[in-house]
Amino acid sequence: MASNSFGTQDQLTVDDETYIIHRLARIDGAARLPYSLKVLLENLLRNEDGRLVTAEQVSALAAWDPTADHGREVAFTPARVLMQDFTGVPCVVDLVAMRDAIAELGGDTKRINPLCPTELVIDHSVIADVFGRSDAFRVNAELEFERNAERYQLLRWAQQAFADFSVVPPDTGICHQVNLEYLSRVVFARDSAEGTLAYPDTLVGTDSHTPMVNGLGVLGWGVGGIEAEAAMLGQPMSMLIPQVLGLKLTGELPPGTTATDLVLTVAELLRRTGVVGKFVEFYGPGVANVPLANRATIGNMSPEYGATCAIFPIDDVTLDYLRLTGRPEPRIRLVEAYAKEQGLWHETGHEPTFSQTIELDLSTVEPSVAGPKRPQDRIPLRVAPQAIAALLSGQTYAEAVEIGLDEASAESFPASDPIAVSRDRPGDLPHAPQTNGDGSNWPRNPVEISLDGDPVSVDNGHVVIAAITSCTNTSNPSVMVGAALLAKKAVEKGLTRKPWVKTSLAPGSRVVTDYYERAGLTPYLDKLGFNLVGYGCTTCIGNSGPLIPEVSQAVTDNDLIVCSVLSGNRNFEGRIHPECKMNFLASPPLVVAYALAGTLHVDLLRDPLGTGSDGQPVHLRDLWPSTAEITQVIDNCIEAGMFSKDYADVYTGDDRWCSLPVPDTNTFQWDLGSTYVRKPPYFDGMGREPEPVTDITGARVLAKLGDSVTTDHISPAGSIKADSPAGNYLTEHGIQRKDFNSYGSRRGNHEVMIRGTFANIRLRNQLAPGTEGGWTRDFTQPGGPMETIYDAAVNYLDADTPLVMLAGKEYGSGSSRDWAAKGTALLGVRAVIAESYERIHRSNLIGMGVLPLQFPDGQSADLLGLTGEETVDITGVDALNDKIPDTVHVKAGEVEFDAVVRIDTPGEADYYRHGGILPYVLRQLLGTRRSIEPS
Numbered sequence: 001m002a003s004n005s006f007g008t009q010d011q012l013t014v015d016d017e018t019y020i021i022h023r024l025a026r027i028d029g030a031a032r033l034p035y036s037l038k039v040l041l042e043n044l045l046r047n048e049d050g051r052l053v054t055a056e057q058v059s060a061l062a063a064w065d066p067t068a069d070h071g072r073e074v075a076f077t078p079a080r081v082l083m084q085d086f087t088g089v090p091c092v093v094d095l096v097a098m099r100d101a102i103a104e105l106g107g108d109t110k111r112i113n114p115l116c117p118t119e120l121v122i123d124h125s126v127i128a129d130v131f132g133r134s135d136a137f138r139v140n141a142e143l144e145f146e147r148n149a150e151r152y153q154l155l156r157w158a159q160q161a162f163a164d165f166s167v168v169p170p171d172t173g174i175c176h177q178v179n180l181e182y183l184s185r186v187v188f189a190r191d192s193a194e195g196t197l198a199y200p201d202t203l204v205g206t207d208s209h210t211p212m213v214n215g216l217g218v219l220g221w222g223v224g225g226i227e228a229e230a231a232m233l234g235q236p237m238s239m240l241i242p243q244v245l246g247l248k249l250t251g252e253l254p255p256g257t258t259a260t261d262l263v264l265t266v267a268e269l270l271r272r273t274g275v276v277g278k279f280v281e282f283y284g285p286g287v288a289n290v291p292l293a294n295r296a297t298i299g300n301m302s303p304e305y306g307a308t309c310a311i312f313p314i315d316d317v318t319l320d321y322l323r324l325t326g327r328p329e330p331r332i333r334l335v336e337a338y339a340k341e342q343g344l345w346h347e348t349g350h351e352p353t354f355s356q357t358i359e360l361d362l363s364t365v366e367p368s369v370a371g372p373k374r375p376q377d378r379i380p381l382r383v384a385p386q387a388i389a390a391l392l393s394g395q396t397y398a399e400a401v402e403i404g405l406d407e408a409s410a411e412s413f414p415a416s417d418p419i420a421v422s423r424d425r426p427g428d429l430p431h432a433p434q435t436n437g438d439g440s441n442w443p444r445n446p447v448e449i450s451l452d453g454d455p456v457s458v459d460n461g462h463v464v465i466a467a468i469t470s471c472t473n474t475s476n477p478s479v480m481v482g483a484a485l486l487a488k489k490a491v492e493k494g495l496t497r498k499p500w501v502k503t504s505l506a507p508g509s510r511v512v513t514d515y516y517e518r519a520g521l522t523p524y525l526d527k528l529g530f531n532l533v534g535y536g537c538t539t540c541i542g543n544s545g546p547l548i549p550e551v552s553q554a555v556t557d558n559d560l561i562v563c564s565v566l567s568g569n570r571n572f573e574g575r576i577h578p579e580c581k582m583n584f585l586a587s588p589p590l591v592v593a594y595a596l597a598g599t600l601h602v603d604l605l606r607d608p609l610g611t612g613s614d615g616q617p618v619h620l621r622d623l624w625p626s627t628a629e630i631t632q633v634i635d636n637c638i639e640a641g642m643f644s645k646d647y648a649d650v651y652t653g654d655d656r657w658c659s660l661p662v663p664d665t666n667t668f669q670w671d672l673g674s675t676y677v678r679k680p681p682y683f684d685g686m687g688r689e690p691e692p693v694t695d696i697t698g699a700r701v702l703a704k705l706g707d708s709v710t711t712d713h714i715s716p717a718g719s720i721k722a723d724s725p726a727g728n729y730l731t732e733h734g735i736q737r738k739d740f741n742s743y744g745s746r747r748g749n750h751e752v753m754i755r756g757t758f759a760n761i762r763l764r765n766q767l768a769p770g771t772e773g774g775w776t777r778d779f780t781q782p783g784g785p786m787e788t789i790y791d792a793a794v795n796y797l798d799a800d801t802p803l804v805m806l807a808g809k810e811y812g813s814g815s816s817r818d819w820a821a822k823g824t825a826l827l828g829v830r831a832v833i834a835e836s837y838e839r840i841h842r843s844n845l846i847g848m849g850v851l852p853l854q855f856p857d858g859q860s861a862d863l864l865g866l867t868g869e870e871t872v873d874i875t876g877v878d879a880l881n882d883k884i885p886d887t888v889h890v891k892a893g894e895v896e897f898d899a900v901v902r903i904d905t906p907g908e909a910d911y912y913r914h915g916g917i918l919p920y921v922l923r924q925l926l927g928t929r930r931s932i933e934p935s
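First residue of the sequence shown? That's 1 in full-length UniProt numbering, and the numbers climb one at a time after it.
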């Protein structure tokens with residue numbers, strides 16, 4: 001129970017039930033705070049213990065200065081932890097290894113146990129191997145179990161061995177949609193020694209898209225697996241009070257635009273504004289016009305614009321969604337009463353104090369796609385064909401969009417949504433002609449192939465993957481129903497998908513299948529090849545499976561630049577499929593439209609998608625469902641009972657899951673022959689006391705990288721190439737190529753993962769010019785010959801040579817992948833020197849004992865003349881034994897400079913002193929934790 005220094009503990013009665021709460025109104029200054037900071041303030045009040053959470057932290061948050069870059073350090077204690085299996089398996093592996101380690105050091109294995117509710121949803125392992133068949137879901141599910149039985153056995157064991165640890169079995173849904181529809185409490189009610197506590201639901205998740213639940217008014221964000229493990233073990237999260245940007249919403253979306261168009265607009269706006277490391281909060285009269293599913297879509301893409309979270313306060317829309325998804329009425333009444341009592345209810349006219357405010361008029365949103373390799377690179381649909389042609393001609397994204405705007409100016413189209421207008425008014429839309437009417441301004445390279453006995457041509461800019469996938473949109477009934485209605489109209493017109501397009505449908509929960517079935521829409525999606533392939537992330541995380549074989553051969557043999565279109569949130573280089581060099585995010589209806597067109601050169605607002613069975617051209621405007629049509633299906637076919645039914649046995653699993661053998665033991669029995677799950681080396685040789693921090697001398701540069709290097713570039717993901725270090729390892733262990741599976745599925749085996757770190761096929765290491773992928777130069781050998789990054793790291797380790805990385809701006813943006821930091825540490829990297837970092841990866845580096853440093857303002861590796869061939873000494877690091885120094889001195893060859901130390905809080909300093917967060921927590925549980933307050 002909290003120390004209650006501020007006298008905030010009180011009672012709240014709802015439905016004759018009495019709850020203990022901490023009244024925010026009793027804290028001076030609380031009323032002016034944004035919603036998100038009020039939630040943080042309550043968290044501090046409830047967890048104040050005078051040691052980790054102090055009265056000074058409460059006072060500092062209440063006195064928040066919105067103009068400061070950040071406030072003081074506070075300790076956030078999330079109410080629960082959410083994991084998916086790619087990130088969850090390594091967490092469980094680490095916890096199991098901690099049980100072994102604590103036993104070896106004389107401690108009690110049961111001390112290693114979740115101390116707050118932890119929920120893991122298995123959603124990242126299904127691959128769309130089979131598509132366009134009625135048995136696609138069954139076959140893919142069988143393949144999933146065959147490949148992942150060892151991992152799943154570990155998770156079933158963990159479910160019974162760890163307390164307060166729940167697992168949602170495979171083939172159930174995507175973690176963020178399950179979280180939104182079922183797991184989220186919005187307001188927690190939890191028993192304590194003094195009675196039932198009521199408090200805001202908060203969480204951290206091991207997936208960067210955890211902020212999807214912000215749409216429900218639940219504060220949470222993505223962290224690395226190592227931070228999540230500490231939270232599971234009861235450790236508060238050290239954080240600096242952030243700036244909060246208020247995004248005022250006005251107006252409402254025009255007919256024909258979708259949640260996807262809205263979120264791509266928000267992503268572009270906020271990335272341009274600059275919100276990295278900040279909280280974003282929505283307010284204003286337009287909030288009431290944003291349905292809950294659209295709010296969740298916006299929150300989901302927080303990492304795409306760099307925000308820690310993007311939250312909507314609780315209001316009537318929240319309550320309506322809780323009812324729709326089958327939450328019990330007593331809980332809904334508690335949510336309403338608590339929110340109103342605590343000043344957490346959204347009032348349209350109330351404007352909290354924000355660090356900065358910007359405004360978005362929803363009526364200005366227009367149909368869009370984003371790509372070819374960044375989610376924030378929005379392309380209005382009206383200029384898409386011109387922009388695509390320019391991209392294929394070698395233009396940059398910015399140049400391509402400018403060319404598109406020049407060739408099809410905004411004045412050529414009505415201000416309101418062109419799809420909706422064109423559907424309701426006969427005749428073609430006005431249209432500015434392209435530079436060349438025949439499209440010859442892009443490089444043509446048609447390749448003739450035969451598919452099912454018919455000759456077809458595949459060319460640059462053709463769509464070879466069209467996937468309705470990802471948590472971002474598949475949780476949203478409006479876009480999912482819109483896609484299905486468009487498919488229905490297309491089939492009725494006699495259209496089919498182009499034969500070179502691999503199509504797939506991977507909903508976020510079984511409820512989607514239920515309302516499709518109830519509405520009678522499934523047959524139409526099936527007819528176009530959008531058969532159910534699984535309930536999981538699939539294409540969005542690189543589990544797209546192989547292309548159509550003939551298409552794949554044409555692409556690789558002729559170096560075609562082909563495209564994917566997906567309703568996801570990520571399109572980074574090399575992520576979706578290694579053979580797709582351009583990837584575009586789009587709404588589910590547009591995914592269907594591009595599958596029908598088969599190319600991104602089509603002007604969806606003017607050109608026909610195909611010829612109907614009556615011989616007449618069919619345009620998108622002929623197929624696009626009206627808002628009224630979509631609403632009618634939703635109102636008639638979605639009800640609370642569907643959610644209650646589908647989630648009634650959510651933890652049970654099918655026969656395959658239930659039949660996995662699980663030993664009843666406190667420690668896991670490692671299989672030394674497993675290539676999926678191996679005991680990690682993080683605790684090897686660890687003593688009860690940490691060794692002093694030392695300077696880094698005689699280091700070599702493992703890689704010199706440019707700007708916007710994402711965790712997708714660093715962390716192993718997607719398929720494993722046969723001739724890669726990881727592929728060679730698996731082959732040496734008797735694994736056939738067809739059974740390699742993906743990096744994500746093998747995250748429980750550090751031997752595979754370390755070999756895949758920095759091995760992304762699109763990584764460009766400036767130390768190895770002229771190469772793409774995991775290559776570097778090995779200066780343990782004369783002349784520094786070219787070598788794989790893994791093999792070079794092994795040689796450096798044998799030579800006892802520490803390593804450093806050089807990088808540009810926004811280093812580590814993207815997913816909250818703990819393996820981006822784990823792999824970096826295991827390769828022997830002691831420090832990273834970058835121009836700037838994104839929040840999660842910087843924190844994760846510290847959590848693995850890697851020192852994040854920053855070039856002085858206005859400087860970079862190139863401006864300083866660093867080539868990466870230098871020997872590097874970093875001195876002053878040993879000062880971290882007693883305090884956090886502002887800078888350390890770097891000498892790289894003849895170049896010298898002072899690098900900024902990016903250890904931002906005392907808690908992070910503790911983690912670094914102990915060699916990482918896991919040794920820190922283990923020593924704390926053993927009673928040997930060493931913590932020094934910085935001076």
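Yeah, the Cβ is synthetic: ideal placement off N, Cα and C, and Gly gets one too.
None of the values given here were measured: they were computed from a predicted structure.
If you run the structure through DSSP and keep just helix, strand and coil, what is Asp649? Within the sequence shown, numbered from 1, the residue matching residue 649 stands at position 649. Asp649: coil per DSSP, three-state reduction.
Spatially closest choice to Val89 from Asp201, Arg111, Thr206, by CA coordinates: Here the question's residue 89 lines up with position 89 in the sequence shown. Nearest option by C-alpha distance: Thr206.
Hey, would you say Val872 sits closer than 9 angstroms to Ala699, going by beta carbons? One-based indexing of the sequence shown puts residue 872 at position 872. One-based indexing of the sequence shown puts residue 699 at position 699. Note that the C-beta distance between Val872 and Ala699 is below 9 angstroms.
Per DSSP, cross-strand counterpart(s) of Pro608: As a working note, residue 608 is residue 608 in the sequence shown. Answer by DSSP bridge pairing, in chain order: His619.
Would you call Val804 buried or exposed, if buried means 16 or more other Cβ atoms sit within 10 Å of its Cβ? Looking up residue 804 in the sequence shown gives position 804. Under this definition Val804 is a buried residue.
Measuring alpha carbon to alpha carbon, tell me which of Phe76, His889, Asp164, Ser355 ends up nearest Asn113. Taking the first residue of the sequence shown as 1, we reach residue 113 at position 113. With distances taken between Cα atoms, Asn113 lies closest to Asp164.
If you draw a straight line from the alpha carbon of Leu596 to that of Phe86, how long is it in whole angstroms? The count along the sequence shown starts at 1 and reaches residue 596 at position 596. The count along the sequence shown starts at 1 and reaches residue 86 at position 86. If I take the Cα positions, the gap works out to 33 angstroms.
What separation, rounded to the nearest whole angstrom, lies between the Cα atoms of Tyr811 and Val533? By 1-based counting over the sequence shown, the position of residue 811 is 811. By 1-based counting over the sequence shown, the position of residue 533 is 533. When rounded, the distance between both Cα atoms is 34 angstroms.
Between the alpha carbons of Pro243 and Ala31, how many angstroms are there, rounded? For the purposes of this step, residue 243 is taken as the residue at position 243 of the sequence shown. For the purposes of this step, residue 31 is taken as the residue at position 31 of the sequence shown. The identity of residue 243 in the sequence shown is Gln, whereas the question assumes Pro. Those two C-alpha atoms are separated by around 17 angstroms.
Pairwise C-alpha distance: Leu253 and Glu411: The residue given as residue 411 occupies position 411 in the sequence shown. The residue given as residue 253 occupies position 253 in the sequence shown. With a pLDDT of 43 at Glu411, under the threshold of 50, the modelled position of this residue cannot be trusted, and the question is left open.
Report the rounded CA-to-CA distance for Pro680 versus Cys658, giving the unit in angstroms. If you number the sequence shown from 1, residue 680 lands on position 680. If you number the sequence shown from 1, residue 658 lands on position 658. Computed Cα separation, rounded: 27 angstroms.
Candidates Lys248, Ala231, Val81: which alpha carbon is nearest Leu922's? One-based indexing of the sequence shown puts residue 922 at position 922. Selected option, being the one with the closest Cα: Ala231.
Tyr682 versus Ala490, Ala825, Leu623, residue with shortest Cα-Cα distance: Position 682 of the sequence shown, counted from the first residue, corresponds to residue 682. Nearest C-alpha to Tyr682: Ala825.
Quick check: the region 610-630 against the region 482-495, are there 3 or more CB pairs under 8 angstroms? yes
Does the region 262-279 come within contact of the region 330-339, defined as at least 3 CB pairs closer than 8 angstroms? no
With burial defined as no fewer than 16 other Cβ atoms inside 10 Å of the residue's Cβ, what is the status of Asn4: buried or exposed? Residue mapping note: residue 4 aligns to position 4 of the sequence shown, counting from 1. By the neighbour-count rule (16 or more Cβ atoms within 10 Å), Asn4 is not buried but exposed.
Three-state secondary structure assigned by DSSP to Val895: In the sequence shown, counting from the first residue as 1, residue 895 sits at position 895. For Val895, the three-state secondary structure derived from DSSP is strand.
For the structure I just gave you, are there three or more beta carbon pairs, one from the region 101-116 and one from the region 155-175, closer than 8 angstroms? yes
Considering Pro455, what are the terminal residues of the beta strand (DSSP E) in which it resides? Position 455 of the sequence shown, counted from the first residue, corresponds to residue 455. First-last of the beta strand (DSSP E) with Pro455: 454-458.
Identity of the residue in Ile720, Gln616, Gly251 nearest Gln736 by Cα: For the purposes of this step, residue 736 is identified with residue 736 of the sequence shown, where counting begins at 1. For Gln736, the closest of Ile720, Gln616, Gly251 by C-alpha to C-alpha distance is Ile720.
Determine whether the beta carbon atoms of Ser745 and Arg147 lie at a separation below 9 angstroms. Locating residue 745 in the sequence shown gives position 745, where the first residue counts as 1. Locating residue 147 in the sequence shown gives position 147, where the first residue counts as 1. Taking 9 angstroms as the Cβ cut-off, Ser745 and Arg147 qualify as a contacting pair.
Measure the CB-CB distance between Trp64 and Ile241 and report whether it falls below 9 angstroms. Translated into the one-based positions of the sequence shown, residue 64 becomes position 64. Translated into the one-based positions of the sequence shown, residue 241 becomes position 241. Cβ atoms of Trp64 and Ile241: closer than 9 angstroms.
At the level of alpha carbons, what is the spacing between Pro414 and Ser504? The residue labelled residue 414 in the question sits at position 414 within the sequence shown. The residue labelled residue 504 in the question sits at position 504 within the sequence shown. Note that Pro414 has pLDDT 41, beneath the 50 cutoff, so the model's placement of it is unreliable and the number below is only indicative. Pro414 and Ser504: Cα-Cα distance of roughly 33 angstroms.
Just confirm the distance between the C-beta atoms of Ser843 and Gly224, as a whole number of angstroms; I'd bet it's less than 8 angstroms. As a first step, residue 843 must be located in the sequence shown, where it is residue number 843. As a first step, residue 224 must be located in the sequence shown, where it is residue number 224. Correct: roughly 7 angstroms between the Cβ atoms.
Assuming Ile379 and Ile465 are in contact, meaning their beta carbons sit under 8 angstroms apart, how far apart are those beta carbons, in whole angstroms? Against the sequence shown, residue 379 aligns to sequence position 379. Against the sequence shown, residue 465 aligns to sequence position 465. No, Ile379 and Ile465 are not in contact; Cβ-Cβ is about 18 angstroms, not under 8 angstroms.
To the nearest angstrom, report how far apart Cys537 and Gln11 are at their CA atoms. Residue 537 sits at position 537 when you count from the first residue of the sequence shown. Residue 11 sits at position 11 when you count from the first residue of the sequence shown. One C-alpha to the other measures close to 43 angstroms.
Over what stretch of residues does the beta strand (DSSP E) that includes Tyr920 continue unbroken? Taking the sequence shown and counting its residues from 1, one reaches residue 920 at position 920. First-last for Tyr920: 917-926, but that is the alpha helix (DSSP H), not the beta strand (DSSP E).
Runs of alpha helix (DSSP H) wholly within the region 249-287 (minimum 4 residues, chain order): 259-273
When the Cβ atoms of the region 543-558 are set against those of the region 124-133, are three or more pairs found closer than 8 angstroms? yes
Buried/exposed call for Asn436, threshold 16 Cβ in 10 Å: Counting from 1 along the sequence shown, the entry for residue 436 is found at position 436. Model confidence at Asn436 stands at a pLDDT of 41, short of 50, so the residue's coordinates are unreliable and nothing is read from them.
On the DSSP letters alone, give me the boundaries of the beta strand (DSSP E) that Trp345 sits inside. Numbered from 1 along the sequence shown, position 345 holds the residue referred to as residue 345. Looking at the DSSP string, Trp345 is not in any beta strand (DSSP E), and its letter there is neither H nor E.
Whole angstroms is fine: what's the gap from Leu155's alpha carbon to Asp739's? By 1-based counting over the sequence shown, the position of residue 155 is 155. By 1-based counting over the sequence shown, the position of residue 739 is 739. Straight-line Cα distance between these residues: approximately 21 angstroms.
Can you tell me the Cβ-Cβ gap for residue 937 and Ser368, rounded? I've got them flagged as a contact below 8 angstroms. The structure shown has nothing for residue 937, since the chain only spans 1 to 935.
Mind reading off the beta-carbon distance from Glu870 to Gln854? Whole number of angstroms is fine, and I expect it under 8 angstroms. Locating residue 870 in the sequence shown gives position 870, counting from the first residue. Locating residue 854 in the sequence shown gives position 854, counting from the first residue. The pair is not a contact, with the Cβ atoms about 18 angstroms apart (cut-off 8 angstroms).
For Tyr152, the first and last residue of its enclosing alpha helix (DSSP H): What you label residue 152 is simply residue 152 of the sequence shown in a count that begins at 1. Start and end: 136-161.
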